[in-house]
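Please read the structure below before turning to the comments.
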Amino acid sequence: MSSLRLVASSSSRRARVIDHATFVFGSRRAAEKWLARPAIALNGRRPAELLQSAEGTLLLHDTLTRLEWGVYC
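Mapping the sequence shown onto UniProt numbering, position 41 (from 1) lands on 41, and the numbers just tick up by one.
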C-alpha cells in the first residue's frame, strides 16, 4: 500500500509541476519543451530529472515562480 501511495504522490507532484509550467509558458507544449531541455537555473540539469523527488519538485516550483515574476534564473 505504501508503494502505491508513493507512486500517486510522485505522479501528483509531476502533474502540479506540469500545470505550473504550462501556466508560466502559456502552453503544455512549451512546458514539456522546458522540462526536456537543460536549464541554466538548474546548473544544466533537465527539469524532468528533478521530478523524481519532493525536493526536486520544490526546486522546480521555485524556478518557475522566479520565471513567472521575471527574475532571471
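Ideal placement from N, C-alpha and C gives every residue a C-beta, glycine not left out. These figures come from a predicted structure and were not determined experimentally.
May I have the straight-line CA-CA distance separating residue i from residue j, to the nearest angstrom?
i, j, result
"Trp69", "Thr63", "10 Å"
"Asp19", "Ala39", "18 Å"
"Arg29", "Ser9", "23 Å"
"Phe23", "Gly44", "23 Å"
Whose C-beta lies closer than 6 Å to the C-beta of residue i among residues of the same chain, with five residues either side of it excluded?
i, result
"Ser27", "none"
"Leu60", "Val17, Pro47 and Leu50"
Quick one, which of the options has its alpha-carbon nearest residue i's?
i, options, result
"residue 74", "Arg66, Tyr72 and Ala54", "In this structure the chain extends from 1 to 73, so residue 74 is not present and cannot be described."
"Tyr72", "Gly56, Leu42, Leu58 and Arg37", "Leu42"
"Leu67", "Leu58, Arg13 and Ala21", "Ala21"
task: Output the residue ranges of the beta strand (DSSP E) runs that lie fully inside the segment 30-64 and measure 3 residues or longer, sorted by chain position.
output: none
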